[in-house]
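Numbering (the working numbering), first residue to last: 16 to 1147. Glycine residues also receive a C-beta, built at the ideal position from the N, C-alpha and C atoms. Notes to accompany the following structure.
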C-alpha cells in the first residue's frame, strides 16, 4: 500500500567529489570556448567533471551524479530528450530573444540526481544565462530558478487571460477551464511569483474538491487530466508545487485513476482494441496514464499498479506505432485539436517515438497541409468551433521532427492566436529553427489516401464500428480517399477547393462528398459550416436522396473514379457514392482556377421508387436570391469588391429554394466578462467570412420524381468567385453531358462523363371527385411585432404573446378582451384553470416566469441559472423556453424547460419546487400526461433548440426520474412527440432530426411508483429528413409522420410498414391534426388538408408560414409574422 507521502526532493546540488558531474555543451559551442568559464568554475569547486562530447539522443537511465545541460530543442540532444519527455519547453521561440532560464530540475528521471539546465533561444540569452549560472557555482549549488522570458509559446492574449481571470464562484469550474489549470504552467514559463502563488491556490481548491463519484460537474475531468498530470510532474521537479500540496496532489491523481472518470472509463475496447482508430475521450486520459505511470515507475516503483496503467496507455496508443495517423474523429476540430496532440505527446514520451519514426506524423501533416485554405483556416465541419479550426500542433511537431519547412509555411498562414491555441494541452512551440518553405508540391490536385486503419474497421472490429461509421466500404481501398483538395497557388487571390471523401466517424457527420471549402480572394464562399447545432446530412453541401419517404444510411466511403490536372492548373475529378439509398451518386467537379468551379451531380437509380433529390450548397453570410441565382459580396483590402455567384439547373422538373440558417447561437457567445477579442467566436466568424451576418445562406435544387432502375437525373451548378476586373463567366446551357460557360472570350465547353436519362413523370396526387375545396384565412388580429406564442384558453378564446412582450386575449370582432405588457419577449404561454379563474403562465425575457389572471400579473419570478460545465449546450440565460401545466388532485404544477439545461417544477404561487438537470440540452419539448391515472400529470421531456442527444425522459410531479428512453445518438434532437393510451399501456412515438429518426415505444402504465417505468421499442425507421410532425390514429392503428424533406407517410402502428407515402413539392414545416383530417403546411406557407387515406381534400389559396398555433374541432388558429389568423374547417 502506497503512502501518500510525496517523493523526496533535494533542491541543493552537491558538486564536490566523489560524485561525477556531467556537462553536455550545445552544438553552437563545439570547441567549448563559450562555456570555458563555466568549466573553470566547476573545477574550481572540486567538481569531478566529465564533458560529454557525443551524447546520443537520450539521457541515460542511470547517472552517478548531477548533469549540467546547456541548450535548447535545436542544439542539444539531451535537452531535446527533456523536451520530448515534457520536462522543458526550451526552443528557438521560448524563452525568446535575449531570454534565458537557469533551473534546477530535481531528479526528474529518477536517477537520484538533479539536472541543471541553462536554456535560451539565441546567443544573447545564452550569454546572460551563462553568467548567472557561473555566479551560482559553489561546492553545494543552491536551488536555481532564474527565468527571463521575452517570448512565450502561447499567444499574448492567452497568457494574459490565464494570468488575470478571477477565481470562479464554484470550485468545480477550476478544472474545467484552462485559464485556471494552465496558471501553474504560465508561472513555470515566466517565473512570475504572483502567478505561482495564485496557481497554488487553484491546485489546492482542485485537490480539495476531489473526484466525487457520479458528480455531473466533473464528468469530463478525464479530458483535463493529461495536462493536470503533466503539470504536476513538470512543476514538482522545478519546485513550483508547495511541499504541503505534493502529497495531496499525488493522491488526487490516484483518486482520479480509481474513480468513474479514470481507468474504468478508459480501459474499454473502444479505446484499447488492437488497430482500432482512437478518439479523444480515450487518447487524452491515456496520455495522463502514460505520464503518471512513467512518473511512478521512476519515483514510486513500489506502487505496482504503474505497470497496469502503462499497459493501458500502450494499448491505447498502439494503432499509431506502424504508420497510421488517422484518429476516429473525422470532425475537423476534434481530430486535429483534441486527438492529434495526445498522439504526438505520447510518441515523444515513449523511447521509440514510433508515431514519428513510422512516418505516421508525416502522413498526418501532409493531410493538414491539404485541409487548410490559403488564409490558414481549416473548415468548420463536424463538432467544434472556428477557434479550433487549425491543425497547429501536428504542423509544428512535424516541422521540427522532420526538419520540413513546408509545414511551417502552412502554420504561418494563421495568426498566432489561432495557430498556437490550446485548451486541454500545455502549448509548446516545437521551434527547432526550421525556416518556412512554400509547399509548391501541394499546388494542383492533392488526394489524401485513406488510412488503412479506417478502411479495415468494418472487417476487424464490426462490433465497435457500428454507430461510428454508418456503412462499410464497397470499393477497393486504392480508390477510396480521405480528403481531396484543388489549389491553384498559396496566394490570397488563388483558388482553393476541398471535398470530403469520408463520411460519419466520431465527432463528425454523414457528409460524404461534402464541399467543405471553396475560397478565393481571402474568403470562403462554399462551406460545410454545420456544427453541433446542424449535424443533419442535408445541412452540408451535398446531394441527398429520399426514396419512398425513407432515407438510407449515407455511405461512409467515397470512390475516386477519375482525376486529372491540366498544365494551366485546371483540374477534373469524378467521384462516386455507391448505393446511396437505391442509387449511385456521381459528383463530377471541374476546377477552373480563374473562372470558377462546376459541379455536375448525377443520380442513377438502381431501385424503383418515388424519389426526392436535393442538391444543397451552403454560403456563409447573407446573400441575395433573384432569378434563381444566389449572389454574395465581400469587400477585401487587397482584391477590392469580391463577387460570388451560384447558378444551377437540373435535367428534370425541379425547384430552387433559398433560406437563411441562423448561426448566432453558435457564434454570438460572449463568454466571460472581459473576454479578449481573440476568444470571440463572433469576431472569428467576421475574420473568416468577411461579414457580421451570422447566417448560412442555403441554396437547394430539388426534384421530386418517379425513377426506375437505370434512370438518371443530373444537377449542374456553377460557383464563381471573382474580383472586379476579372473575367466574368456564367452558366449558359447544359445539353445532356455537355456544359457551356460563356464569358468575355470564347465559350468554355465542358464534357461531363455522366448524362441524364428520361424519368417517369411524377404521380398525380389523388383528389376527391369534385376537386379540392378552397379555404381562406380570417385575420383575427394584427400586432405591432411578431407573434411568438399562441394557445387556447379555457373558454376556447385565443391568448397570444409577442416579440415585444405583449400578452393578450383575443375577443370577437378583432378586439382584445385584455392585454398585459411585459418587459421583454414572450417565449411560451400555457393555460390552466384555477378555481374557475382563467390563469396563464408565461415564460419571457432572459429569465422570467409570470402568472397572469384576467389581464393582471399576479407574480413574476426571476429564474436563477444553475451553472453547467458544458455551456455550449445551453443558452446564455436560464430562459423559460417552454412552459406547460400539469394537473394535481388539488392544484397544478408548472413544468418549465429552461435555457440552462434545467427542467424546473413550480407551484401555482411561484415557488420553485425542484430542479432536474436534463443534461442533453434544453428541455424545451414538454408534454404533460397522467400515465398512471392517479390524477397527477407526469411530464415527458426532450431536448429542443440545442441538444446533444435526443433522450426522452419522463418525470413525476416530484421531479423524480421515471423513465429515460434512448432515441438517437450524439447531436440528435427530439423534434416531435405523440403519445396515446392503448389498453393498459401507452404508445409513444418520438421523432428526431437525423439517423433512425422515428422510434415507437410501448410504455407500461402500471408498476411500482418507485421503480423506473418499463418500456420496449416497437420499431424504428430512418425517414427522409427531420421528423417534424407525428399524429397517432389509434382507431385505425396507424401513425402519420411528416419530414422536413417533404414526405408524409402513413405507417402501421405495430410494425412500421408504410401504407402510403405522399411527397410534396416543398419541404414540410408543420403537421397538425385538424377536424379529423391532417393539415400539412409546407415551407412556403401553403396549407394542404388531407384525409387519412392521403387524399388532399382542400387547400388554401394564400400562403402563410406558421410561427405558433393550435387546432380545434372546427379549425386552426395560428400566427404568421405579426398576424393572428384563423382557418375554419366547418365545411369540410
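Where residue i sits in the DSSP three-state scheme
{"i": "residue 722", "result": "strand"}
{"i": "residue 672", "result": "strand"}
{"i": "residue 232", "result": "helix"}
{"i": "residue 344", "result": "strand"}
{"i": "residue 701", "result": "helix"}
{"i": "residue 135", "result": "strand"}
{"i": "residue 39", "result": "strand"}
{"i": "residue 686", "result": "Note that residue 686 scores a pLDDT of 49, beneath 50, so its modelled location is shaky; the value from the coordinates is reported in the next line. Here residue 686 sits in coil by DSSP."}
{"i": "residue 424", "result": "helix"}
{"i": "residue 552", "result": "helix"}
{"i": "residue 252", "result": "helix"}
{"i": "residue 1191", "result": "As shown, the chain starts at 16 and ends at 1147. That puts residue 1191 outside it, with no answer to give."}
{"i": "residue 271", "result": "helix"}
{"i": "residue 844", "result": "strand"}
{"i": "residue 152", "result": "coil"}
Other residues of its chain near residue i: CB distance less than 6 Å, five sequence neighbours each side excluded
{"i": "residue 429", "result": "391 and 405"}
{"i": "residue 649", "result": "538, 657 and 705"}
{"i": "residue 66", "result": "38"}
{"i": "residue 697", "result": "682 and 683"}
{"i": "residue 629", "result": "559, 715 and 717"}
{"i": "residue 772", "result": "726 and 727"}
{"i": "residue 580", "result": "459, 460 and 586"}
{"i": "residue 620", "result": "598, 722, 724 and 726"}
{"i": "residue 83", "result": "38 and 131"}
{"i": "residue 362", "result": "368, 370 and 371"}
Residue i classed as buried or exposed, judged by whether at least 16 other C-beta atoms fall within 10 angstroms
{"i": "residue 171", "result": "exposed"}
{"i": "residue 760", "result": "exposed"}
{"i": "residue 745", "result": "exposed"}
{"i": "residue 1207", "result": "Outside the shown range of the chain (16 to 1147) lies residue 1207, about which nothing can therefore be said."}
{"i": "residue 440", "result": "buried"}
{"i": "residue 521", "result": "buried"}
{"i": "residue 1125", "result": "exposed"}
{"i": "residue 265", "result": "buried"}
{"i": "residue 481", "result": "exposed"}
{"i": "residue 294", "result": "buried"}
{"i": "residue 874", "result": "exposed"}
{"i": "residue 662", "result": "buried"}
{"i": "residue 616", "result": "buried"}
{"i": "residue 474", "result": "exposed"}
{"i": "residue 1101", "result": "buried"}
{"i": "residue 1031", "result": "exposed"}
Cβ separation of residue i and residue j, assumed to be a contact under 8 Å, to the nearest whole Å
{"i": "residue 523", "j": "residue 344", "result": "7 Å"}
{"i": "residue 302", "j": "residue 357", "result": "4 Å"}
{"i": "residue 734", "j": "residue 611", "result": "6 Å"}
{"i": "residue 424", "j": "residue 463", "result": "Actually they do not touch by this definition, with Cβ atoms about 18 Å apart."}
{"i": "residue 1063", "j": "residue 1083", "result": "7 Å"}
Same chain, Cβ closer than 8 Å to residue i, neighbours up to 5 away in sequence not counted
{"i": "residue 485", "result": "518, 519, 525, 568, 569, 570 and 571"}
{"i": "residue 747", "result": "755, 756, 757 and 762"}
{"i": "residue 838", "result": "820, 859, 860 and 863"}
{"i": "residue 80", "result": "34, 35, 36, 37, 63 and 128"}
Contact set for residue i: own chain, Cβ-Cβ below 7 Å, skip 5 residues either direction
{"i": "residue 490", "result": "572, 574 and 593"}
{"i": "residue 269", "result": "none"}
C-beta neighbour in chain B for residue i, strict 8 Å
{"i": "residue 977", "result": "Looking at the structure shown, chain B is missing, and only one protein chain is on hand."}
Uninterrupted beta strand (DSSP E) stretches inside the segment 890-970 (no shorter than 3 residues): Annotation: the segment 890-970 contains the following complete segments of the beta strand (DSSP E) (minimum length 3 residues), in chain order: 895-902, 907-913, 917-921, 927-932, 936-944, 953-962 and 967-970.
For the segment 1048-1072, which segments carrying the beta strand (DSSP E) assignment without a break, of at least 3 residues, lie completely within its bounds, in sequence order? Qualifying beta strand (DSSP E) stretches, in chain order: 1053-1058 and 1062-1067.
If we require 3 or more residues per run, which beta strand (DSSP E) segments fall completely within the segment 568-611? Segments of the beta strand (DSSP E) lying fully in the segment 568-611: 574-580, 586-592 and 598-607.
Identify every run of the alpha helix (DSSP H) within the segment 431-499, keeping only runs that are complete inside it and at least 4 residues long; order them along the chain. Qualifying alpha helix (DSSP H) stretches, in chain order: 431-434, 467-470, 472-475 and 477-480.
Ignoring anything shorter than 3 residues or poking outside the segment 615-648, list the beta strand (DSSP E) runs there in chain order. For secondary structure counted as the beta strand (DSSP E) over 3 or more consecutive residues, the segment 615-648 holds these complete runs in sequence order: 624-635 and 639-641.
With a floor of 3 residues, list each beta strand (DSSP E) that falls wholly inside the segment 33-80, ordered by position along the chain. Taken in chain order, the whole beta strand (DSSP E) runs of length 3 or more contained in the segment 33-80 are 35-39 and 63-66.
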